[in-house]
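These notes concern the structure reproduced below.
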Amino acid sequence: MTLFAGSAQCPYVVNEACIKCKYMDCVEVSPVDCFYERENMLVIHPDECIDCGVCEPECPAEAIVPDTAPGAESWPQHNHTYSTEWPNITRKGTPPADADEWKGVAEKFSRFFSTKPGEAKR
Ligand code: F3S
3 MTLFAGSAQC PYVVNEACIK CKYMDCVEVS PVDCFYEREN MLVIHPDECI DCGVCEPECP
63 AEAIVPDTAP GAESWPQHNH TYSTEWPNIT RKGTPPADAD EWKGVAEKFS RFFSTKPGEA
123 KR
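When you line the sequence shown up against the numbering used here, it's residues 3 to 124, in that order.
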């Protein structure tokens with residue numbers, strides 16, 4: 003578990019596997035609407051996540067992982083930072099038409115991370 007100053011625990015995080023996949027199945031099952039959206043990915047707000055774990059198996063891209071997972075080290079801070087800047091999303095939108103083509107592609111963060119706004123569904 004990773005703790006940040008002024009923040010509660012951050013049990014689950016979205017990692018770069020979400021980028022350009024953005025299926026949004028996670029949004030449909032979250033009981034607390036803790037997802038935040040940018041153009042091509044979502045993040046989880048650590049203060050709002052209740053650690054229920056229901057979103058983790060729903061992601062077709064396996065982009066939701068516990069913050070203690072191997073390789074997840076940088077993602078708690080990323081989710082914390084951007085969840086406070088990006089708009090909340092509470093309803094699933096239309097995933098990218100080519101989402102399946104980006105599943106499992108490596109190094110998406112360095113190549114495709116975007117700060118453009120999403121079209122959040124509330
Ligand atoms: Fe991203 Fe998976 Fe949700 S691809 S939008 S974390 S269902």
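Here a beta-carbon is modelled for each residue, glycine too, at the ideal position from N, C-alpha and C.
DSSP state of residue i, grouped into three classes?
| i | result |
| --- | --- |
| Pro-78 | helix |
| Arg-40 | strand |
| Val-29 | helix |
| Pro-72 | coil |
| Pro-119 | strand |
Roughly how many angstroms lie between the CA atoms of residue i and residue j, to the nearest whole one?
| i | j | result |
| --- | --- | --- |
| Pro-78 | Ser-85 | 11 angstroms |
| Pro-89 | Ser-116 | 14 angstroms |
| Glu-58 | Arg-40 | 19 angstroms |
| Val-95 | Asp-35 | According to the sequence provided, residue 95 is Gly. The question's Val does not apply to it. When rounded, the distance between both Cα atoms is 14 angstroms. |
| Lys-105 | Cys-23 | 6 angstroms |
Label residue i either buried or exposed according to how many other C-beta atoms from any shown protein chain fall within 10 Å of its C-beta, with 16 as the threshold for buried.
| i | result |
| --- | --- |
| Gly-120 | buried |
| Ala-71 | exposed |
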